[in-house]
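Protein chains: 2
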Amino acid sequence: MTGQVRTVDGRVAGRRGQATRQKLLDCLSEMLSSSPYRDVKVIDVARRAGTSPATFYQYFPDVEGAVLEIADQMAAESAGLTELLEGRSWTGKAGWQTAQELVDGFMEFWRKNDAILRVVDLGAAEGDKRFNKIRLKILNSVTSSLTEAISGLQAKGRIDKDVNPAAIAGALVVMLTAVASHQKGFSTWGVKQAELKPNLALLVHLGVTGKKPTK
Amino acid sequence: MTGQVRTVDGRVAGRRGQATRQKLLDCLSEMLSSSPYRDVKVIDVARRAGTSPATFYQYFPDVEGAVLEIADQMAAESAGLTELLEGRSWTGKAGWQTAQELVDGFMEFWRKNDAILRVVDLGAAEGDKRFNKIRLKILNSVTSSLTEAISGLQAKGRIDKDVNPAAIAGALVVMLTAVASHQKGFSTWGVKQAELKPNLALLVHLGVTGKKPTK
DNA sequence: TCGGTAAGCTGACGGCATGACAGGACAAGT
DNA sequence: ACTTGTCCTGTCATGCCGTCAGCTTACCGA
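Now the structure itself:
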């Protein structure tokens, strides 16, 4: 599937090498959580991992390269997000629950990986195709399901035909990501975490079905 | 009002100094549009402005400091966004038009300032209070109006009481910002710019009024 | 016209991060 | 013990960072 792990100069990495490599990735992750992306330096990551900058450069071309690696691992885990929507109903009380669980699960994922996701978002916004690809991979796991759900309802005539399912689905998902990234803003608006979720679920439900949920 | 413009070492900046300062800011803006934030170096900005790094450090403590300055200028301009909502109606056809114009105006602003807004978003997400303050200043110009509109409808009993107007308003505004930042993603989902806007307007209308618009 | 003063700019410098290389340390098999 | 291939690091040239002293320029009052 994915070829063997290799160093920058082409050697295959053995057991010890992979451990070092992973340690560097872990330390980089921690640093991203604690300091601004712009200030994360190779030398700091190496120091924290108890090794030297030269070692870092054996496994990654630069900080960005290592970040892409972390993001890739996370994107793989994001496949689990599809469970939030697979086989769910959007009608009646079940619909309200689906919306709630989607909001819950998605925001949980985003919060758990917030540091790396910030960087992925930035890279994607700056037009970097590699970051964009990863971001879409993560979002697609939810967006495509959501798009199908909307299309389904549309086919049954429950939603106007001039609605674009992909646009609505994408906008809703992107909304969730942005809210998760900027929860601090909401608290200064006087909105508490606990209040936020049901309101987001309401918006999601409205967007998908066009109607208020029956609770 | 705002004290005189000063250099880092406390001198007041004269006409020439202010021109240089502004030129550095302009060049920094350009650089932010063309290269990743992480790679923007003082020396590059200075070179582009036809001056030396030392001059840059006379006016700004570092790149971040200069970015905050640009962001402040932009936040001042964002006051114009209030016009998009002042005295608008959310009922009937007028409501649909209000939603459309809000989406249009807001996304236009975001696209015009996308480079600097990316950085502000990142800074805010990383927990930097200064960036968060600027971001909220920009968003508040729209969010507070939107919150009032929702509260008003709620007072008339047209919206459920358990809806939190600030949460809904914030989520909708944040959605617009995120969509504007990641339009590229939508095009790979097969959603064109022209299709996107009415669907966003629909979501905004649904969120504010709880009902589908009458077009 | 002529200093005097403050603003404005830059060359130069120590310090640190970067990225490349060669060579030493280490584990595993013979 | 010896060989082999993996793994790590000391070292070095390069380039950016951030600061300072000192030079040039503009303004102003006498």
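Taken in sequence, the protein lines are chains Z and H.
Going by UniProt numbering, the first sequence opens with residue 1, and the numbers climb by one from there.
Going by UniProt numbering, the second sequence opens with residue 1, and the numbers climb by one from there.
All residues carry an ideal CB built from backbone N, CA and C; glycine is no exception.
Distance between H205 of chain H and A171 of chain H (C-alpha atoms, nearest Å): 13 Å
Exposure label - T188 of chain H; buried when at least 16 CB within 10 Å: exposed
Any C-beta of chain H under 7 Å from that of P120 of chain Z: Checking the sequence, you will find Val at residue 120 of chain Z rather than Pro. No, V120 of chain Z does not count as interfacial toward chain H.
Helix, strand or coil at R12 of chain H [DSSP, three-state]: Going by the sequence as given, residue 12 of chain H is Val instead of Arg. It is a strand residue.
Residue-chain proximity (P36 of chain Z, chain H), Cβ-Cβ < 7 Å: yes
Among Z:F186, Z:C27, Z:S78, nearest to A125 of chain H - alpha-carbon criterion: Z:F186
Pair within 7 Å by beta-carbon distance, R21 of chain H and Y57 of chain H: no
Beta carbon proximity, N113 of chain H to chain Z, threshold 7 Å: no
Chain H within 7 Å of W90 of chain Z, Cβ atoms only: no
7 Å Cβ cutoff met for A178 of chain H and V163 of chain Z: no
Coil, strand or helix - T55 of chain Z by DSSP: helix
The region 190-202 of chain Z in contact with the region 152-161 of chain Z per 3-pair CB rule at 8 Å: no
Closer than 8 Å at the beta carbon, the chain Z residues around M74 of chain H: In chain order: nothing, as chain Z lies at least about 16 Å away.
Any chain Z beta carbon closer than 7 Å to L146 of chain H: no
Beta-carbon spacing of P213 of chain Z, W96 of chain Z below 7 Å: yes
K133 of chain H - containing alpha helix (DSSP H), residue span: 129-155
is_contact[M107 of chain H, chain Z] using C-beta, thresh 7 Å: no
R118 of chain Z, DSSP secondary structure in three states: helix
Proximal residues to K215 of chain H (C-beta, below 6 Å), its chain only, five neighbours per side dropped: W96
Under 7 Å between C-beta atoms of A180 of chain H and S141 of chain H: no
Closest residue to F106 of chain H among H:V12, H:I138, H:Q18, H:V119 (Cα-Cα distance): H:I138
Residue of H:P53, H:G210, H:V208, H:V120 minimising C-alpha distance to V182 of chain Z: Checking the sequence, you will find His at residue 182 of chain Z rather than Val. Nearest C-alpha to H182 of chain Z: H:V120.
Cβ-Cβ separation, L24 of chain Z to residue 218 of chain Z (assumed contact under 8 Å), whole Å: Past the boundaries of the shown model lies residue 218 of chain Z; chain Z is included only from 1 to 215, so the question cannot be answered.
Inter-residue CB distance, V8 of chain Z and L28 of chain Z (contact presumed, cutoff 8 Å): About 16 Å; that fails the 8 Å criterion.
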